[in-house]
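Top line first, the protein sequences correspond to chains R and E. Its first residue numbered 9, the first sequence is counted upward by one per residue in the numbering used here. Its first residue numbered 9, the second sequence is counted upward by one per residue in the numbering used here. Backbone N, C-alpha and C define an ideal beta-carbon position, used for all residues, glycine too. It should be emphasised that the depicted structure is a prediction, and the values quoted were computed from it without experimental measurement.
Protein chains: 2
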Amino acid sequence: MTDFRDVGEFGFIRRIQGACLVRPEGVAVAIGDDAAAFVVPEGEVTLVTTDLLVERVHFLRDAASPEDLGHKALAVNLSDIAAMGGTAREAFVSIAVPGGLALEYVEGMYRGMTSLATAFGVNILGGDTTASRADLIINVAVVGSVHEKEMLRRGGARPGDRLFVTGAVGDSRAGLHLILNRLPADEEALAALIRAHHRPRPHLAEGRFLAQSGAVRAAIDVSDGLSSDLVHVARASGLGVRIDAGGLPLSPNLAHFCRRLGFDPVAYALAGGEDYVLACAVDPGKAAALARAFEARFHRPLHPIGEMTGGGRMEVARDGSVTPLPPAGWEHFPASPDRRA
Amino acid sequence: MTDFRDVGEFGFIRRIQGACLVRPEGVAVAIGDDAAAFVVPEGEVTLVTTDLLVERVHFLRDAASPEDLGHKALAVNLSDIAAMGGTAREAFVSIAVPGGLALEYVEGMYRGMTSLATAFGVNILGGDTTASRADLIINVAVVGSVHEKEMLRRGGARPGDRLFVTGAVGDSRAGLHLILNRLPADEEALAALIRAHHRPRPHLAEGRFLAQSGAVRAAIDVSDGLSSDLVHVARASGLGVRIDAGGLPLSPNLAHFCRRLGFDPVAYALAGGEDYVLACAVDPGKAAALARAFEARFHRPLHPIGEMTGGGRMEVARDGSVTPLPPAGWEHFPASPDRRA
């Protein structure tokens, strides 16, 4: 093992620099100057999002591989760009490294990031590398772009808009449950749930598709949990939401997990969190055509899960009765005890 | 005192949101969606820089006011944009807050940031707010822009280019010495050095002036320390540097501090660090006119401090003799013991 600190900040930058520039077009200055410089395609607005991950709050160092950690730190930001309908372009990675952390660990994190970045044509164009006294800290900022007319916002939904999601919800939270309770992933179904938690796939292509369709009036990525995130859309649009529980896409893995542990899969899917699929509100006149086009393009369904309603109520329809959506907002400082701790 | 965590992430965002948008033009989406969206002026390249500040590594919570901390976290990033010759536009602030930290403290930090941001027309357009188990963490990313032809790089200097700095060097390090050794700032000169450390003024107007002059071939902001930063310029340009010690701008406050504590002011100014003035290499045929124009514009001198040389040597000329520049690289993980610890 080599202590990360022995190679120094500049030494480390020299080691990783080569893998960071995967799409040189449009880049005027990469790593190694006072700031990075690049062009965003003419006529597009610039998108910026950033996420800070703190050891013992967002991850446990012994519960994920460094590659997983790097992958996820970048993926959650790419997902935000996807939710705006944008193209992800440049990433900036700040890390603070506690004493004694192996160089190999930090290089593993960067491998996880550069591998995902390469898959989506995203450059790592800069960042900051420093010491930490206690916890490993990772901040990623991602710059993307989109034509302003195509940009997807949280607000803008109208009553009667159909709600869809681009993939299964609940798997990531089930994976987190297995990790936090140190339950053995002794079946492939459980191992897949843990992978869903560690290795979310940002729905960038899906976001671009939705943005270009002209049928989507509002969108969000499912990070806090489906019901919380739909509450964000409803509030930003001044509306309510009615979710059809029967429409929620539940994976066979989640169904198996819930049977084995005695949980309600619908409640799991609604509370969820860190699914990183997209939820969107669609013009009802264009919903059927959009769903068909999505399936033709991605070879899997765009899942109808309910609709926007004119009141301010958040409801779920299940087995013929309509009940208020359980409050499951995932804030980073919940007034109630942290449901992840 | 209100515990920061009692107001929650979303509650806090609602409290600070109003002060964050100081220049609405060009902003399509501010705080409150999946990503911020804005336009960069047509024909300009986008600049991005980011800095991560970690408690007990970069600052001590009891040694600076929260306003100072917020000011500095933003200022160091604005300084990087200044060093590229750019205009700073949008800032993104991620914070991780340890348990028990007062809401008032975090609001004070934001006051420090928004006050500086307002002075330079910079919006705070987004970020992330989360919990930390141990230390207070602040990551700031700043987006700026510049016409590519005006952009100032570290490389590009030529042998014989004259070196200048836009302000005094060494004050900030002297202030840090007073802080770390808990020496009383019992005279105004010493209090001013501490202010220089806590409240650096980003030289954005100076950077724009240098960029537009057409006379500057390379530039950097003095963050690691003048000699380290000139080594960066020299390496990026494939050249050497000869500093004229007699030309170094030493403030009367630094001179007083060095007399009182028995330090060599030249060594202090060369090692320095966190001065956040700009150093630049200037076409020798245009140097005199540039210095005159700078003085006319800013009512203080552009200080000549030496020149770029054809070899790879880093030297300092002092009292008629030329000696190698003492190695004083400030890396965040120095192989030698951390000179700040």
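Contacts of residue i in chain R (Cβ-Cβ under 8 Å)
i              : result
E98 (chain E)  : V56
V151 (chain E) : T54, V56, V151
M316 (chain E) : Those within 8 Å of M316 (chain E) in chain R number zero; the least Cβ separation is about 17 Å.
Rounded Cβ spacing between residue i and residue j (contact assumed at less than 8 Å)
i              : j              : result
V173 (chain R) : I24 (chain R)  : So it is not a contact: roughly 36 Å between Cβ atoms.
T95 (chain R)  : S153 (chain R) : 6 Å
I89 (chain R)  : T57 (chain R)  : 6 Å
A277 (chain R) : L258 (chain R) : 6 Å
L60 (chain R)  : D41 (chain E)  : The pair is not a contact, with the Cβ atoms about 18 Å apart (cut-off 8 Å).
G164 (chain R) : V230 (chain R) : About 18 Å; that fails the 8 Å criterion.
9 Å Cβ cut-off: residues of chain R touching residue i
i              : result
D59 (chain E)  : S102, D136, T138
M117 (chain E) : Those within 9 Å of M117 (chain E) in chain R number zero; the least Cβ separation is about 15 Å.
Pick from the options that is closest to residue i, judged by C-alpha positions
i              : options                        : result
H185 (chain R) : R:R13, R:T138, R:G270, R:H211  : R:G270
L298 (chain R) : R:G222, R:P273, R:E115         : R:G222
V274 (chain E) : E:P260, E:Y284, E:V151         : E:P260
P32 (chain E)  : E:L109, E:Y113, E:N131         : E:N131
R268 (chain R) : R:D237, R:G281, R:D194         : R:D194
G168 (chain R) : R:R250, R:A90, R:G233          : R:R250
G255 (chain E) : E:V177, E:S123, E:P208, E:D291 : E:V177
D327 (chain R) : R:P334, R:G116, R:A253         : R:A253
R170 (chain R) : R:H307, R:V324, R:A295         : R:A295
A199 (chain R) : R:T58, R:T122, R:F265          : R:F265
D353 (chain E) : E:H307, E:G26, E:L333, E:M9    : Only positions 9 to 349 of chain E appear in the structure, and residue 353 (chain E) is not among them; the question remains open.
R13 (chain E)  : E:L77, E:V114, E:P74           : E:V114
D21 (chain E)  : E:T138, E:G164, E:F217, E:H311 : The sequence given here has Ile at residue 21 (chain E), not Asp. If we check each option's Cα against that of I21 (chain E), E:T138 comes out closest.
D393 (chain R) : R:A219, R:A263, R:V285         : Outside the shown range of chain R (9 to 349) lies residue 393 (chain R), about which nothing can therefore be said.
C28 (chain E)  : E:M159, E:K80, E:R119          : E:R119
G34 (chain R)  : R:P49, R:G26, R:G116           : R:P49
F46 (chain R)  : R:L160, R:G134, R:G183         : R:G134
Interface residues of chain E facing residue i [CB-CB closer than 9 Å]
i              : result
E418 (chain R) : The structure shown has nothing for residue 418 (chain R), since chain R only spans 9 to 349.
R162 (chain R) : G40, D41, D42
I89 (chain R)  : D42, A43
G9 (chain R)   : A small fix is needed here, since residue 9 (chain R) is Met in this sequence, not Gly. Under the 9 Å cutoff, chain E gives no residues; its nearest Cβ is about 16 Å from M9 (chain R).
Neighbour list for residue i in chain E, Cβ cutoff strictly below 7 Å
i             : result
V53 (chain R) : A36, A45, F46, V47
Segment limits, alpha helix (DSSP H) that includes residue i
i              : result
N189 (chain R) : Run containing N189 (chain R): none; DSSP gives neither H nor E here.
G314 (chain E) : Premise fails: G314 (chain E) lies in the beta strand (DSSP E), 311–317, not in any alpha helix (DSSP H).
P273 (chain E) : 273–279
R203 (chain R) : 196–206
V15 (chain E)  : 12–28
L238 (chain R) : 234–245
S123 (chain E) : 111–127
I89 (chain R)  : 74–91
G215 (chain E) : 212–221
P260 (chain E) : 260–269
L298 (chain E) : 295–306
Closer than 8 Å at the beta carbon, the chain E residues around residue i
i              : result
L133 (chain R) : V56
V65 (chain R)  : A104, T138, A139, S140, R141
M159 (chain R) : A36, V37, A45
M322 (chain R) : The premise fails here: M322 (chain R) is roughly 16 Å from chain E at the closest Cβ pair, so nothing lies under 8 Å.
M121 (chain R) : By Cβ distance, chain E contributes nothing, its closest Cβ being about 15 Å from M121 (chain R), past 8 Å.
Residue range of the unbroken beta strand (DSSP E) whose run includes residue i
i              : result
M322 (chain R) : 322–326
G248 (chain R) : 248–252
E98 (chain R)  : 95–106
H155 (chain E) : 145–155
E52 (chain E)  : 52–62
D351 (chain E) : Because chain E spans 9 through 349 in this model, residue 351 (chain E) falls outside it and cannot be assessed.
T174 (chain E) : Where T174 (chain E) is concerned, there is no enclosing beta strand (DSSP E), given that its DSSP letter is neither H nor E.
D229 (chain E) : 224–229
A289 (chain R) : 286–290
V47 (chain R)  : It is not in any beta strand (DSSP E) - V47 (chain R) carries neither H nor E in the DSSP assignment.
P332 (chain E) : 329–332
Within chain R, the residues that residue i reaches when beta carbons sit closer than 7 Å
i              : result
I21 (chain E)  : The contacting residues do not exist; I21 (chain E) stays about 10 Å from chain R at best.
I228 (chain E) : D42
N147 (chain E) : L60, S102, N147
The ligand ATP heavy atom lying under 7 Å from the CB of residue i
i              : result
T137 (chain E) : Of the ligands one can find in the structure shown there are none, so the ligand ATP has no counterpart to examine.
Exercise for the section: State whether the stretch 238–245 of chain R contacts the stretch 177–192 of chain R, with contact taken as three or more CB pairs (one from each stretch) at a distance under 8 Å. Expected result: Taking 8 Å as the limit for Cβ pairs, the verdict is that the stretch 177–192 of chain R does not touch the stretch 238–245 of chain R.
Practice task
Evaluate contact between the stretch 130–145 of chain E and the stretch 54–67 of chain E, counting only Cβ atoms and requiring at least three cross-stretch pairs below 8 Å.
Solution key: yes
Exercise for the section: Pair every Cβ in the stretch 108–118 of chain E with every Cβ in the stretch 218–233 of chain E, then say whether three or more of these pairs are closer than 8 Å. Expected result: Under the three-pair Cβ rule at 8 Å, the stretch 108–118 of chain E does not count as touching the stretch 218–233 of chain E.
Handout entry: Contact the stretch 213–222 of chain E vs the stretch 316–334 of chain E: 3+ CB pairs below 8 Å
Key = no
Practice task
State whether the stretch 202–210 of chain R contacts the stretch 298–308 of chain R, with contact taken as three or more CB pairs (one from each stretch) at a distance under 8 Å.
Solution key: no
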